[in-house]
Amino acid sequence: MISSLFESTNKCNNLNYKNFSEWFQGFCDAESNFTIRIRKKKDKILGFEFIFRISLHIDDLNVLEMIQEKLKCGRIRKNRNTYELRISSLKDIEEVIIPRFDNYPLMTKKYLDYLNFRKSFFIYKERARDEKNRYKYDLNILELKNTMNDKRCDFRMPDNHVRINANYLLGYIEGDGSFYFNKSDNTVRISLITIEEDRIVLEKMREFLFNQLDEHSLFLAKHTKLIFINNKNIGAKRKLISELQISQIDFICNILIPFFDNLDFKTKKYLDYLDFRKIAFLIFEGKHLSEKGRSLIIQLADTMNNSRLSTNLSKISTLDSNFNSDMELLLKSNALVNIDSEGRALIIRNNKLIRSTYIIEATFENGNIKYFPTGTSCAKVFNVSDTTISKRLNDRQPLLSKDRKILVLYLRRIKVYTKK
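If you use the working numbering, the sequence shown corresponds to residues 226 to 645, in order.
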């Protein structure tokens, strides 16, 4: 019995270590930095300092404390509106930082900075044992230092290096992701941003999320912009970034939210996720269609993300008890939209279609099957009108050509992005 309990505890500890390490891997790709600092006296190089650091907003001090406790090293300092966890002890760099990132390598171009940092560190150790040739070691370290971070020009990564898992994805989202409500089109959105050179990481994240889907949902996802990645310029210097966005409400409520509910958030972004989750289900049920519903959603959305920060001078005060009771009533109220078995969302009061989430399956006389992402794409292949496709979907009669030959035995809608 004691042996069994020990084995169970061991497995739990190993799992906790793995989960944290994967989360930390993603979080560091978003938030960490490797720096080599020169220690000089006049023009003479006395030595180098190797620094690993993570800087976060003061509201996330507890996250840095949690990381510090997990790593068992580092110092935390305050700098205006941020706290910084800094690890610079040579012992900690060698025994904690390097083994961790060797075992859980970064996925972005920051991995290349880590390799320079790592190589420089071991050159520095050799330097200490060879006083006569220190200048040669110094030149090697300076060469590596001068091709790191903003000075990097070579972004070539090893083939097949990027591998995404659930905890890594969450860690990256907690660093460089956001959950928000878009007032212009009444959608909730998940956004992830990286430099353009790291677009491959976003593409691998999309691939990972596609792997959560059944075959019919995957077919529609691949033929639409379910998970859309685009490049754009930002800032005064017009820096090119890549952004991943997700806004399809059925996918968010039925696939993504259950996925995130099983993960362990560690930053204040969890509060944004909870509000995002609440708004998403309200939209899913069509409650944003009422004036009162949309007003409450906007009030809640206005307290998310940067509006939540303690340092935000224009921060909206905490939502009052009237809002909370009104929101509770809205959440408990009946849905204003009904989603039928074929994936069509209809407004209950007027039976108006507001969205559809299905693919079309065409069954031929010989038993073969072909799928289409939309009625229009189906109509184009068989050279008929969209209206004809819609009629055959509704009556399940054969689709005929102009000379009355059977093109398709029958068509049917298959609902996708459903709960597992």
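From the three backbone atoms N, C-alpha and C, an ideal C-beta is built for every residue, glycine too.
Check, Outcome
"Anticipated Cβ contact below 8 Å, R414 with S472, distance rounded", "5 Å"
"Inter-residue Cα distance where the pair is R273 and K512", "With the sequence shown as reference, residue 273 is identified as Phe, and Arg is not the correct amino acid for it. Roughly 60 Å separates the two Cα atoms."
"From S602, I614, N479, L469, residue whose alpha carbon lies closest to that of K457", "L469"
"Burial state of N591, where buried means 16 or more other Cβ atoms lie within 10 Å", "exposed"
"Nearest residue (CA-CA) to D551, options F404, Y596, L538, E516", "E516"
"Nearest to G518 (by Cα), restricted to the options S535, F548, E586, S539", "F548"
"Close beta carbons around R302, own chain, < 8 Å, minus the five adjacent residues each side", "Y308, E309, R311"
"Anticipated Cβ contact below 8 Å, E256 with I283, distance rounded", "About 15 Å; that fails the 8 Å criterion."
"Inter-residue Cα distance where the pair is N287 and I573", "46 Å"
"Closest Cα partner of V562 within the set L556, L578, K494", "L578"
"Touch test, the region 370 to 377 against the region 334 to 347, Cβ-Cβ under 8 Å, three pairs minimum", "yes"
"Contacting residues, own chain, Cβ-Cβ under 7 Å from E270 (five flanking each side not counted)", "Before going on, a small fix: residue 270 reads as Ile here, not Glu. Hits under 7 Å: I263, D363."
"Three-pair Cβ contact test at 8 Å for the region 243 to 250 versus the region 384 to 398", "yes"
"Nearest-angstrom Cα separation, counted from S520 out to S409", "13 Å"
"Nearest-angstrom Cα separation, counted from E586 out to K595", "6 Å"
"Residue nearest to K557 in terms of C-alpha spacing, selected from L507, R569, N530", "L507"
"First through last residue of the alpha helix (DSSP H) which encompasses Y360", "359 to 370"
"Rounded separation between F231 and N487 - CA only", "Confidence in F231 is poor, its pLDDT being 43 and thus under 50, which makes the residue's placement unreliable; the coordinate value appears in the next sentence. So the two alpha carbons sit approximately 25 Å from each other."
"Cβ-based neighbour list, R431, same chain, cut-off 6 Å, excluding 5 preceding and 5 following", "I452"
"The region 494 to 510 / the region 526 to 544 touching (three or more Cβ pairs under 8 Å)", "yes"
"Distance between L417 and F249 (C-alpha atoms, nearest Å)", "17 Å"
"Of the listed residues R300, D254, Y360, nearest to D268 (C-alpha basis)", "Y360"
"Distance between I631 and E440 (C-alpha atoms, nearest Å)", "27 Å"
"Beta carbon of K644 nearer than 8 Å to that of N537", "no"
"Residues near P623 in its chain [Cβ-Cβ closer than 6 Å; skip 5 each side]", "I631, L634"
"Sequence-distant residues of the same chain with beta carbon closer than 7 Å to D666, five excluded per side", "The structure shown does not extend to residue 666, since the chain is modelled only from 226 to 645, so the question has no answer here."
"Limits of the unbroken alpha helix (DSSP H) element including V288", "286 to 296"
"Bridge partners - Y498, DSSP secondary structure assignment", "None, per the DSSP bridge assignment."
"CB contact flag (V321, L296, <8 Å)", "yes"
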